[in-house]
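In our numbering, the protein residues as written are 463 to 554. Here's the structure we're looking at; comments come further down.
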């Protein structure tokens with residue numbers, strides 16, 4: 463399992479840690495540092511075992527109140543950053 467760390471912007475969470483399975487496509491675990499513990503724990507539990515692309519499709523663009531983003535949207539951003547880092551690593 464690979465652990466990918468991401469610093470979200472515009473939300474209460476300070477960091478998101480994502481455990482990616484060895485297949486590079488499946489989320490094994492998600493841990494939010496900070497934020498609303500009930501919401502982030504529920505989000506983490508729901509995403510565990512899901513394919514990265516499916517989670518991005520479901521969470522991308524979700525907002526929280528007047529904010530332009532949310533913890534779910536930031537998780538989607540983190541997953542996109544992970545995929546981008548893998549693409550860059552395989553190209554170089």
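A virtual CB, placed ideally from N, CA and C, is assigned to each residue, including glycine.
Burial state of residue i (16 or more Cβ within 10 Å)
i: residue 497; result: buried
i: residue 487; result: exposed
i: residue 551; result: exposed
Contact check, residue i vs residue j, beta carbons under 9 angstroms
i: residue 539; j: residue 466; result: no
i: residue 544; j: residue 514; result: yes
i: residue 482; j: residue 464; result: yes
i: residue 471; j: residue 531; result: yes
i: residue 473; j: residue 526; result: yes
Host alpha helix (DSSP H) of residue i (start-end)
i: residue 514; result: 514-521
i: residue 542; result: 533-553
N-terminal and C-terminal residue of the beta strand (DSSP E) that residue i is part of
i: residue 504; result: Per DSSP, residue 504 belongs to no beta strand (DSSP E); it is in the alpha helix (DSSP H), 499-509.
Strand pairing of residue i, partner residues [DSSP]
i: residue 473; result: Paired residue(s): none; residue 473 is not in a bridge.
i: residue 488; result: 513
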